[in-house]
Amino acid sequence: MSSLKFTLENIDKVIDRSAMVAPEIDPKRTVLLVMDMQPVCTDPDGALAIPSVGGAPSGKDTVEPVERVVKRFREEGSPIIWSQWGLSPEGLDKGICALKWPGLNPGTPESPASWGNPQTDNFAGNLEPREGEPVLRRSRFSVFVGTQLEEYLRELGTEFLVIAGITSANCVHSTTIDAWNRT
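Using the numbering used here, the first residue of the sequence shown is number 143, and each one after it goes up by one.
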């Protein structure tokens, strides 16, 4: 049995989640943040392809569920903000990535993680921002670092932030913690 399946089957025995649900959610004040749904992470041949580990979905397995969430948010008329991770080809923002992923040659024009590369610049599957849905590019794990996300959320009168995406152990996690710390 995978650890994910075990967790899903047993979480309610350990955690009372009844108080974790908002009694009412206003779709107009709920923003969807779509994170890192780029071929560099979702394509099995992508340079940063996310494999399935411990029963968690692989990068390619996240595309269809995120497409469904985006569709539902659009049906509800809820705002959607998109985020992509990548690095400048000049290397000015590579930071620790140069040490963490030396095989990617981060911060160079030929790196698959650099802006200007189709794996980094595009979206996976049928995911595509529509007019009026901002796309935030960033070089750090949290979407709050070096972007206008916080200002956008404030201007939209956001009460709830829903995050759908990939790299839940890194980028989604970092963004979630930053969102919590800003409430």
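Yeah, the Cβ is synthetic: ideal placement off N, Cα and C, and Gly gets one too.
Between the C-alpha atoms of residue i and residue j, what's the straight-line distance to the nearest angstrom?
i    : j    : result
A306 : F286 : 15 angstroms
R171 : G245 : 42 angstroms
W243 : E166 : 43 angstroms
F302 : A321 : 10 angstroms
G201 : V314 : 13 angstroms
Q261 : R280 : 15 angstroms
If I measure Cβ to Cβ from residue i and keep anything under 6 angstroms in the same chain, skipping five residues before and after, which residues do I get?
i    : result
S225 : M177, L278, V285
If you drop the 5 nearest sequence neighbours on each side, which residues of the same chain put their C-beta closer than 7 angstroms to that of residue i?
i    : result
F265 : M179, Q180
T309 : D178, C183, I192
F215 : L174, I222
P248 : L229, K236, C239, A240, A255
Less than 7 angstroms between the C-beta atoms of residue i and residue j, yes or no?
i    : j    : result
T184 : V205 : yes
N152 : E209 : no
Cutting at 8 angstroms between CB atoms, please list the residues of its own chain near residue i, excluding the five before and the five after it.
i    : result
T250 : P231, G233, S256
> Counting pairs of beta carbons, one from the region 265 to 274 and one from the region 286 to 300, are three or more of them closer than 8 angstroms?
Replying inline: Of all C-beta pairs linking the region 265 to 274 to the region 286 to 300, fewer than three are shorter than 8 angstroms, placing the two stretches out of contact.
> Of all the alpha helix (DSSP H) runs that stay within the bounds of the region 203 to 260, which reach a length of 4 or more residues?
Replying inline: Considered as a whole, the region 203 to 260 harbours 239 to 242 as its complete alpha helix (DSSP H) runs of no fewer than 4 residues, in chain order.
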